[in-house]
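According to my numbering, the sequence shown is numbered sequentially starting from 37.
For each residue, glycine too, the CB sits at the ideal point set by N, CA and C.
Note that the structure is a prediction, hence the values are computed from the model and not measured.
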Amino acid sequence: MTSEHADDAREAQEPEASRIALTWSGEPGRQEELTHGMLLDQADRAAAVLRRLGVRAGDRVAVHLPLVPESVIATLACGRLDAIRATLPVSLTVPELVARTRESSARVLITADAAFWDGAVRPVKPLLDHALARSAAGAMDRTVLVVNRCSRPVSWKPGRDLWWHEALGVPSAAH
């Protein structure tokens with residue numbers, strides 16, 4: 037591609053980069069908007085973090101997140117690496133999480149500290165922590181990326197747990 041064509045392509049993409057790609061409304065009355073550029077930037081950052089953590093094409097990344105923007109970003113990041121997103125719904129019980137984490141054999145898991153739903157703050161990471169502790173595969177070398185959604189105290193396993201926003205180098209979304 038010639039330099040002239042590259043400039044034309046960049047100019048055509050720039051207006052798209054500033055358009056809203058994702059609007060998320062959560063509880064209580066919280067709203068976030070990400071432009072195409074912001075979404076792609078965070079997906080690139082997340083893919084780089086996953087790559088540093090050893091995720092390669094064909095590997096599974098277990099995603100245990102409520103319906104938040106980071107869930108979309110994790111999906112895009114997996115796509116950039118040709119990794120497989122294994123969804124662990126936040127509604128699963130601890131025994132179900134034990135089975136699903138074992139089945140996924142994911143070395144990297146992405147979860148949230150907690151989440152708002154039905155008007156209350158519900159634990160998310162504590163359930164995953166219990167499942168990993170009960171799982172024979174829990175002893176496996178794993179990394180847990182934790183999305184800070186509710187600014188609640190959360191148990192922490194040094195060497196395993198990492199804050200998502202710190203790993204990606206982006207400000208925390210929690211207020």
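For this session: Give the single residue among Ala53, Leu164, Leu101, Arg121 whose Cα lies nearest to the Cα of Gly94.
Result: If we check each option's Cα against that of Gly94, Arg121 comes out closest.
Problem set entry | Start and end residues, beta strand (DSSP E) containing Ser61 | Looking at the DSSP string, the run of the beta strand (DSSP E) that includes Ser61 is 56 to 62.
Exercise. Taking Ala151 as the reference, which of Arg188, Thr179, Leu124, Leu117 has the closest Cα?
Worked result: Among Arg188, Thr179, Leu124, Leu117, the Cα nearest to that of Ala151 is on Arg188.
Problem set entry | Whole-angstrom distance between Arg196 and Val97, CA atom to CA atom | Val97 and Arg196: Cα-Cα distance of roughly 15 Å.
Exercise. So, using beta-carbon positions, are Ala79 and Ala113 closer together than 7 Å?
Worked result: When the beta-carbon positions are compared, Ala79 and Ala113 come within less than 7 Å of each other.
Problem set entry | Secondary structure of Leu89, DSSP reduced to three states | Secondary structure at Leu89: coil, using DSSP grouped into helix, strand and coil.
Exercise. Closest by CA to Ala110, which one among Pro131, Arg81, Thr129, Arg136?
Worked result: With respect to the C-alpha of Ala110, the residue from Pro131, Arg81, Thr129, Arg136 having the closest C-alpha is Arg81.
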